[in-house]
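Residues in the sequence shown are numbered from 21 upward in steps of one, following our numbering.
Idealized CB from N, CA, C, for every residue including glycine.
Quick caveat, the model's predicted, so the values are computed rather than measured.
Worksheet: one structure, shown below.
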Amino acid sequence: MNLNIPPFKTVHNPLPLFGLLPAPALFGITVVLCCVLLGCNRTAPAPPEMPPPTVTVAKPVTKKIVEWDAFTGRLEAVDFVEVRARVSGYLKSIHFDEGQIVDAEDLLFVIDPRPFEAELNGAIAALNQAESQLKQANAGLENARAQHHQSEAGLQLAKTRIERARTLEAQNAVSIEELDQRSAEFLQAEADLEASKAGISSAEAAIATAEAAIESAQAGVETARLNLDYTQIRAPVSGRISRQYVTEGNLVSGGTATSTLLTTITSVDPIYCTFDVNEQDVLKYIRLAQIGERKSSREVKNPVFLGLVDESGFPHEGHMDFVDNHFDVDTASMRARGVIPNHDRVLLPGMFARIRIPGSAAHQGVLVPDSAIGTDQASQYVYVVVDNVIQRRSVKLGPMVDGLRVVREGLGGSETLVIQGLLQSRPEMTVQVQQGTIEVVEDGLPDDYQPLPPEKWMSRVPDPEPVSGLIQANATIGFDSTLPPMGEAR
């Protein structure tokens with residue numbers, strides 16, 4: 021029987037290929053295939069729409085403000101005195117405790133006064149001698165005047181005799197010898213009169229010499245007494261004294277540029293704070309003064325507020341005291357100075373301090389937090405919400421006031437401002453809003469100010485005009501008294 025059986029075809033089993041794969045891989049392939057087969061007849065659901073972002077909004081703070089400009093200053097003593105000896109001698113005693121507060125005219129050092137007492141006694145003796153010489157000269161003048169009167173009388177007698185002798189000689193009643201004798205007597209009387217005049221002049225010269233000697237002796241007494249006073253070295257100003265640089269028994273030199281430095285004194289109350297102002301700020305102050313919004317600190321005493329590094333606010337209040345007359349070419353800044361009361365003696369020379377001076381007049385300002393301000397290259401902007409849509413506003417900013425930033429241009433104060441969520445906001449984006457608040461942190465600076473009245477000034481009073489004695493002395497020694505006085509000490 022012939023059966024037509026087709027030939028057998030070899031079928032390759034794919035299982036050995038899958039057997040080469042690890043079990044985790046096989047499981048993953050199976051899951052993918054099942055998902056593909058099951059999803060062929062289904063449509064994938066659309067993803068749900070994202071809700072609009074939520075931002076926190078608030079209205080800007082509007083209030084009366086003063087833009088206080090911030091500077092860093094250094095405290096300096098109003099008076100700093102190097103106490104030096106004015107006469108040379110051995111240091112005898114010291115009369116202060118190192119580092120204590122001393123008052124003006126307090127006794128600090130004593131130099132051995134005995135040599136200067138002897139010098140004063142010698143000057144007094146010279147003065148007494150000069151006064152005695154004056155008395156003697158006055159007596160000589162009286163004697164010379166008496167001699168002059170006597171000579172005048174003798175001259176008158178001699179004149180009468182010679183006239184009588186000439187009359188008798190005409191009558192041949194007198195001899196020629198007697199006439200010659202009367203003539204000689206007359207000539208002698210004239211000579212005696214001239215000698216008495218010379219005696220008066222000599223006596224007057226002696227008096228002038230004695231008076232000059234008295235003035236010289238008086239100057240010597242004053243100098244000696246002054247040197248004796250200089251042996252007691254007293255505090256020229258009130259303040260805190262430093263340590264003693266020289267101990268008792270040492271020889272100190274005085275009266276020269278290299279006199280021995282004994283100690284130093286720095287004044288305590290009030291105290292200066294110096295700071296530097298750049299050219300831009302100086303020009304701003306000039307422009308404000310020109311339009312009458314802020315008076316210049318050269319003309320009025322504008323207030324100054326100061327705080328130390330460990331103080332949160334500005335508890336120390338003073339006023340402007342000085343503005344320099346030129347810019348420093350090295351720093352391109354101008355030096356200014358305020359004066360601050362220091363009753364509690366917390367402020368010390370050399371300390372750094374934060375200082376605030378008025379940079380504007382009082383005005384209605386718009387304040388926003390820094391978290392609401394964005395920066396795009398060189399410009400600043402804020403986001404405001406109008407009908408739940410973000411809008412961008414460019415702004416011009418000012419300094420910090422009460423913990424908030426001053427917005428000079430760009431906002432009117434009635435806008436709805438994004439204060440949180442700035443990074444997720446974009447212009448023309450629809451957002452959901454929630455109300456927030458802008459916190460005002462008082463910095464202790466006033467919202468208005470006025471220049472200090474004269475009764476509250478702490479600036480130094482100018483020195484009085486020079487005494488007339490100096491001009492008289494200049495005229496005496498040939499100086500032109502019409503010349504202006506010498507330069508002031510400061």
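Would you mind stating whether residue i and residue j have Cβ atoms separated by less than 8 Å?
{"i": "Ser108", "j": "Gly269", "result": "no"}
{"i": "Ala513", "j": "Ala244", "result": "Here the chain covers residues 21 to 510 and nothing more, so residue 513 does not appear."}
{"i": "Gln455", "j": "Val77", "result": "yes"}
{"i": "Pro361", "j": "Thr286", "result": "no"}
{"i": "Thr395", "j": "Arg355", "result": "no"}
{"i": "Leu271", "j": "Leu95", "result": "no"}
{"i": "Thr280", "j": "Ala105", "result": "yes"}
{"i": "Pro389", "j": "Ile311", "result": "no"}
{"i": "Val130", "j": "Thr251", "result": "yes"}
{"i": "Ile253", "j": "Leu128", "result": "yes"}
{"i": "Leu248", "j": "Pro133", "result": "yes"}
{"i": "Ile114", "j": "Gln264", "result": "yes"}
{"i": "Val255", "j": "Asp126", "result": "It is Ala, not Val, that sits at residue 255 in the sequence shown. Going by C-beta atoms, Ala255 is nearer than 8 Å to Asp126."}
Apart from the five residues just before and just after residue i, which ones in its own chain have a Cβ nearer than 8 Å to its Cβ?
{"i": "Asp341", "result": "Tyr292, Lys321, Arg357, Gly358, Val359, Met478 and Ser479"}
{"i": "Ala381", "result": "Val86, Leu308, Glu313 and Arg314"}
{"i": "Ser391", "result": "Ile439, Gln440 and Leu442"}
{"i": "Pro72", "result": "Asn408, Met449, Thr450, Val451 and Gln452"}
{"i": "Leu147", "result": "Ile234, Ala237, Gln238, Gly240 and Val241"}
{"i": "Pro135", "result": "Gly109"}
{"i": "Val56", "result": "With a pLDDT of only 46 at Val56, under 50, the local geometry of the prediction cannot be trusted, and no value is derived from it."}
{"i": "Pro44", "result": "With a pLDDT of only 49 at Pro44, under the threshold of 50, the placement of this residue in the model should not be trusted; the figure read from the coordinates follows. Here the set comprises nothing."}
Whose C-alpha, out of the options, is nearest the C-alpha of residue i?
{"i": "Leu213", "options": "Ala230, Ala232, Ala178 and Thr229", "result": "Ala178"}
{"i": "Leu424", "options": "Val75, Thr74, Ala244 and Glu87", "result": "Glu87"}
{"i": "Val302", "options": "Asn345, Leu326 and Val266", "result": "Asn345"}
{"i": "Leu154", "options": "Arg94, Leu199 and Thr229", "result": "Thr229"}
{"i": "Glu210", "options": "Ser171, Gly433 and Thr278", "result": "Ser171"}
{"i": "Ser434", "options": "Glu69, Lys83 and Val257", "result": "Lys83"}
{"i": "Arg260", "options": "Ala124, Leu417 and Lys112", "result": "Ala124"}
{"i": "Ala225", "options": "Ala159, Ala373, Gly441 and Ile458", "result": "Ala159"}
{"i": "Arg428", "options": "Lys416, Leu437, Thr436 and Val438", "result": "Lys416"}
{"i": "Thr92", "options": "Asp330, Asp249 and Phe372", "result": "Phe372"}
{"i": "Leu246", "options": "Pro447, Arg254, Pro474 and Leu140", "result": "Leu140"}
{"i": "Leu161", "options": "Val405, Gln252 and Ile227", "result": "Ile227"}
{"i": "Leu431", "options": "Val404, Ser258 and Arg318", "result": "Val404"}
{"i": "Thr351", "options": "Phe129, Phe325, Val297 and Arg413", "result": "Val297"}
{"i": "Val406", "options": "Val75, Asp467 and Glu69", "result": "Val75"}
{"i": "Asp330", "options": "Arg374, Gln444, Glu197 and Glu299", "result": "Arg374"}
{"i": "Arg318", "options": "Gln156, Leu472 and Leu111", "result": "Leu472"}
{"i": "Leu175", "options": "Gln156, Leu207 and Gln191", "result": "Leu207"}
{"i": "Val511", "options": "Asp348, Ser316 and Phe100", "result": "Nothing about residue 511 can be read from this structure; the chain reaches only from 21 to 510."}
{"i": "Ala97", "options": "Gln191, Pro290, Glu205 and Pro474", "result": "Pro290"}
{"i": "Pro447", "options": "Ser414, Asn192 and Ser113", "result": "Ser414"}
{"i": "Ala223", "options": "Met70, Arg165 and Ala173", "result": "Arg165"}
{"i": "Glu299", "options": "Thr278, Val349, Glu197 and Pro484", "result": "Val349"}
{"i": "Pro80", "options": "Ala255, Pro484 and Thr436", "result": "Thr436"}
{"i": "Val426", "options": "Gln444, Tyr401 and Ser445", "result": "Tyr401"}
Which same chain residues end up closer than 6 Å to residue i when comparing Cβ atoms and leaving out the 5 residues on each side of it in sequence?
{"i": "Pro323", "result": "His339 and Tyr469"}
{"i": "Arg513", "result": "Nothing about residue 513 can be read from this structure; the chain reaches only from 21 to 510."}
{"i": "Thr284", "result": "Glu102 and Ser262"}
{"i": "Ser216", "result": "Gln167, His168 and Ser171"}
{"i": "Asn163", "result": "none"}
{"i": "Ile377", "result": "Asp89 and Val324"}
{"i": "Ala157", "result": "Ala226, Ile227 and Ala230"}
{"i": "Phe337", "result": "The question names Phe, but residue 337 in the sequence shown is Glu. So the list reads Phe325, once near-sequence residues are dropped."}
Which partner residues does residue i have in the DSSP bridge list?
{"i": "Gly93", "result": "Ala373"}
{"i": "Ala356", "result": "Phe295 and Val343"}
{"i": "Gln454", "result": "Thr76"}
{"i": "Leu271", "result": "Tyr110"}
{"i": "Pro419", "result": "According to DSSP, which records beta bridges pairwise, Pro419 is partnered with nothing at all."}
{"i": "Ile261", "result": "Ile285"}
{"i": "Lys84", "result": "Gln384"}
{"i": "Phe100", "result": "Thr286"}
Within the same chain, show all residues whose beta-carbon is closer than 7 Å to that of residue i, passing over the 5 residues directly before and after it, in chain order.
{"i": "Gly333", "result": "Gly327, Asp463 and Gly464"}
{"i": "Ala233", "result": "Ala150 and Gln153"}
{"i": "Ser203", "result": "Ile182"}
{"i": "Val461", "result": "Asp422 and Gly423"}
{"i": "Val266", "result": "Leu111, Val272, Thr280 and Leu282"}
{"i": "Leu41", "result": "Bear in mind that the predicted position of Leu41 carries a pLDDT of just 48, short of 50, making it too unreliable to give a figure here."}
{"i": "His363", "result": "Asp289"}
{"i": "Ser316", "result": "Tyr305 and Ala309"}
{"i": "Glu198", "result": "Ala185"}
Run the proximity test for residue i: is its beta-carbon closer than 7 Å to any non-hydrogen atom belonging to the ligand NAD?
{"i": "Glu210", "result": "As for the ligand NAD, it is missing from this structure, which has no ligand bound."}
- Message: Three or more C-beta pairs under 8 Å: does that hold for the stretch 105-125 against the stretch 180-197?
- Response: no
- Query: Does the stretch 412-422 come close enough to the stretch 381-398 to have 3 or more Cβ pairs within less than 8 Å?
  - Reply: yes
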